[in-house]
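See the structure below:
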């Protein structure tokens with residue numbers, strides 16, 4: 012269990028398998044985010060059909076509502092939301108730290124107020140692991156502290172605390188059927204990042220995540236951080252770049268040796284009427300689509316593109332029919348999952364490096380971010 | 012085309028086939044309402060899977076948005092919304108008359124203001140037919156005037172106008188591939204209803220609808236009106252009871268010789284967290300369902316009941332996840348379609364009359380209406 016096997020590699024890009032109690036994951040992969048035990052507006056049958064393999068859910072949200080003990084009593088997260096394939100939960104740390112107005116950090120843990128009812132709660136590394144054991148995902152995450160990447164002094168403090176907490180998470184873990192991943196922090200400072208990568212890699216985590224990226228740093232800083240960190244990580248464990256990506260980020264991440272990605276972007280964009288396409292990002296509310304009989308993307312094999320025209324999707328948006336959110340989510344999730352799957356195939360047949368410039372050109376019009384909030388910071392539209 | 016064949020009958024209940032350009036309809040049937048060229052929150056694939064045969068859409072709404080000419084240019088309603096099975100459009104009359112504050116009726120037609128932007132428009136019988144020919148449904152409806160059932164003087168005026176307009180609709184019709192149904196009016200007055208049934212039956216309509224019910228009259232008045240009207244209608248044409256039903260209404264309607272029903276109730280209830288069940292109507296927001304591992308209805312074969320627990324559905328509702336609306340809509344539509352299908356089977360095997368008391372007892376807890384607005388009067392939540 013939790014073996015990572017490399018099937019093929021090209022440059023730093025790797026194609027592999029990661030075994031979990033709910034099946035083998037083919038990596039690299041893109042994981043849809045199901046914040047509150049559901050990928051917003053998409054049924055588990057639709058998720059399966061669009062090719063999702065790993066689904067992420069959020070510890071902070073599920074702890075508050077419906078409560079991790081209720082989820083455990085219902086048979087765990089897989090059974091509760093009826094997702095028979097692998098799942099991952101985050102530690103809750105990122106969400107708690109994003110509650111900047113109401114949280115208090117000390118070396119033991121974090122005290123915060125619920126965004127739902129203002130009630131006071133406390134997370135510690137041990138508490139995060141206990142909640143994640145109740146939720147029962149295949150992959151669980153260490154409780155870490157994400158810093159402002161440009162604040163060097165704070166990045167150092169947060170990194171050191173992340174390291175102490177990583178050891179406490181390992182000590183607290185009891186279930187044998189969950190893989191606990193450690194998290195590398197250190198902002199965009201090369202020395203801190205290198206120290207963090209080496210420290211986290213020295214601990215017995217079956218997988219390693221890179222946190223603290225896509226939180227306000229530049230693209231160049233993200234790339235140079237990945238260029239520094241992935242060579243310091245062991246080859247035989249999967250690497251997870253948290254809360255990333257745009258199509259461009261996925262291409263650049265895989266080229267730098269990343270195996271797992273997650274991001275709320277595809278479903279959030281869908282709820283704002285925006286879709287990924289090989290023509291660039293489109294906003295389907297635009298009047299130019301009113302009579303357009305084409306699918307979103309002629310090459311796309313998702314249910315939405317195989318079935319509906321841009322004119323119909325625009326009508327749903329203009330008429331405020333919520334079905335638009337479902338259909339656009341299906342397309343955007345499929346687009347990223349399919350792009351990553353294509354890259355995996357090209358690593359296997361040794362054409363990856365040749366195709367990278369083509370993919371970057373094809374998807375570049377989708378690269379701009381709507382906001383730095385790609386991780387699922389707590390908002391009313393998260 | 013548009014032949015109605017009786018396969019079996021018991022008492023006044025009939026099981027039959029109605030042939031249309033998009034396939035044979037097995038009657039009796041319940042038609043989901045897709046007001047704006049979509050059944051709210053349900054994909055056409057999900058509609059197909061839950062067993063829908065005929066889908067209704069609204070002329071008033073589609074005329075305003077996206078416009079009937081745009082729908083025609085996109086290949087008609089079937090092609091636009093990708094529903095390959097039979098469709099029905101109403102005449103727009105009911106919606107226009109429900110705009111009580113802003114409409115002006117004269118003998119030629121009705122002038123009204125759009126609920127979207129306040130712009131002024133005019134429907135006449137000829138205009139309604141022209142719009143419905145642009146939309147291209149298999150079954151289209153005559154432009155009628157629905158009166159307050161308890162206002163005898165107005166019911167007489169509205170009925171007489173409905174009769175004159177019925178003849179104008181027949182004269183205006185040009186397409187040969189659409190069945191135009193006439194509509195019986197007359198409020199709850201037996202003389203008016205009998206006169207209207209005889210007049211409409213005398214015209215060459217391939218099907219006949221009963222309008223002006225489920226608009227504020229009592230259940231007894233609805234039943235006695237059906238008892239009076241259906242025996243006056245020709246056996247060899249389908250009968251459509253517009254804007255009805257609750258489960259109880261479907262049972263009582265079929266027992267009185269009705270073949271086709273439509274109603275916004277199942278999808279509207281779903282968006283208010285309410286579901287039909289053999290235990291009676293349930294509101295899944297209720298805290299008693301927080302730990303309930305059962306499906307909505309143990310006997311139900313819909314995707315929602317075959318997949319999810321009440322505890323999970325309640326979590327989605329409490330967490331304001333829109334997926335709840337989709338899953339509850341699937342269940343409620345399936346429940347009514349399946350109930351009508353069961354009744355059809357029992358007419359064929361001659362057990363219908365014996366089973367009516369059982370069905371009425373089983374479904375009685377679902378009978379109360381949330382409001383008299385089961386037709387899709389224009390509201391923000393329609």
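Protein chains in written order, with our numbering: chain A, 12 to 393; chain B, 12 to 393. All C-beta atoms, glycine included, are put in the ideal place defined by N, C-alpha and C. All of these numbers come straight from a predicted model, not from anything done at the bench.
Asked: Sequence-distant residues of its chain with Cβ nearer than 7 Å to residue 401/A (five each side left out); Found: The structure shown does not extend to residue 401/A, since chain A spans only 12 to 393, so no value can be given for it.
Asked: Closer than 8 Å at the beta carbon, the chain A residues around residue 76/B; Found: 326, 329, 330
Asked: Min CB distance residue 71/B to chain A below 7 Å; Found: no
Asked: Local Cβ density within 10 Å of residue 369/B, reported as buried at 16 or more and exposed below that; Found: exposed
Asked: Assigned secondary structure, residue 42/B (DSSP; H/G/I helix, E/B strand, else coil); Found: strand
Asked: Residues bridged to residue 68/A [DSSP beta-bridge criterion]; Found: 100/A
Asked: Range of the contiguous beta strand (DSSP E) that encloses residue 312/A; Found: From DSSP, residue 312/A is part of no beta strand (DSSP E); its letter is neither H nor E.
Asked: Min CB distance residue 93/B to chain A below 7 Å; Found: yes
Asked: Cβ-based burial, residue 118/A [other Cβ within 10 Å; buried from 16]; Found: exposed
Asked: Per-residue DSSP class, three states only, for residue 54/A; Found: coil
Asked: Interfacial residues, the region 298-310 of chain A to chain B, with Cβ spacing under 9 Å; Found: 301, 302, 304
Asked: Simplified DSSP assignment, three categories, for residue 351/B; Found: helix
Asked: Helix, strand or coil at residue 49/B [DSSP, three-state]; Found: coil
Asked: Which of helix, strand or coil DSSP assigns to residue 392/B; Found: Any reading at residue 392/B is ruled out, since the residue's pLDDT is 37, under 50, leaving its predicted position unreliable.
Asked: Same chain, Cβ closer than 8 Å to residue 404/B, five either side skipped, listed in chain order; Found: The structure shown does not extend to residue 404/B, since chain B is modelled only from 12 through 393, so no value can be given for it.
Asked: Residue 139/A in three-state terms, based on DSSP; Found: helix
Asked: Where residue 21/A falls: helix, strand or coil (DSSP); Found: strand
Asked: Proximity winner among 358/B, 298/B, 322/B, 286/B, relative to residue 345/B (alpha-carbon distances); Found: 286/B
Asked: 8 Å CB neighbourhood of residue 42/B in its chain, flanking five on each side removed; Found: 63, 64, 65, 66, 67, 99, 271, 272, 273
Asked: Same chain, Cβ closer than 6 Å to residue 163/B, neighbours up to 5 away in sequence not counted; Found: 200
Asked: Rounded straight-line distance, which links the Cα of residue 322/A to that of residue 58/A; Found: 24 Å
Asked: CA-to-CA distance, residue 96/B to residue 34/B, given in whole angstroms; Found: 6 Å
Asked: Where residue 283/A falls, given that 16 or more other Cβ within 10 Å makes a residue buried; Found: exposed
Asked: CB contact check: residue 203/B to chain A, cutoff 7 Å; Found: no
Asked: Completely contained beta strand (DSSP E) runs for the region 129-203 of chain B, where each covers 3 or more residues; Found: 131-134, 150-152, 190-195
Asked: Cβ-Cβ distance between residue 222/A and residue 157/A below 7 Å; Found: yes
Asked: Inter-stretch contact at 8 Å, needing at least 3 Cβ pairs: the region 322-341 of chain B / the region 326-345 of chain A; Found: yes
Asked: Bridge partner(s) assigned by DSSP for residue 115/B; Found: 122/B
Asked: Supposed close pair residue 347/A, residue 261/A - CB separation, criterion 8 Å; Found: 7 Å
Asked: Backbone CA spacing between residue 307/B and residue 320/B [nearest angstrom]; Found: 7 Å
Asked: Option nearest residue 226/A by Cα separation, candidates 160/A, 234/A, 110/A; Found: 160/A
Asked: First through last residue of the beta strand (DSSP E) which encompasses residue 218/B; Found: 218-221
Asked: Closest by C-alpha distance to residue 343/B, when choosing among 358/B, 275/B, 297/B, 28/B; Found: 275/B
Asked: Distance, residue 52/B Cα to residue 391/B Cα; Found: Note that residue 391/B has pLDDT 38, beneath the 50 cutoff, so the model's placement of it is unreliable and the number below is only indicative. In a straight line, the C-alpha of residue 391/B is about 15 Å away from that of residue 52/B.
Asked: is_contact[residue 317/B, chain A] using C-beta, thresh 7 Å; Found: no
Asked: CB contact below 7 Å: residue 29/A versus chain B; Found: no
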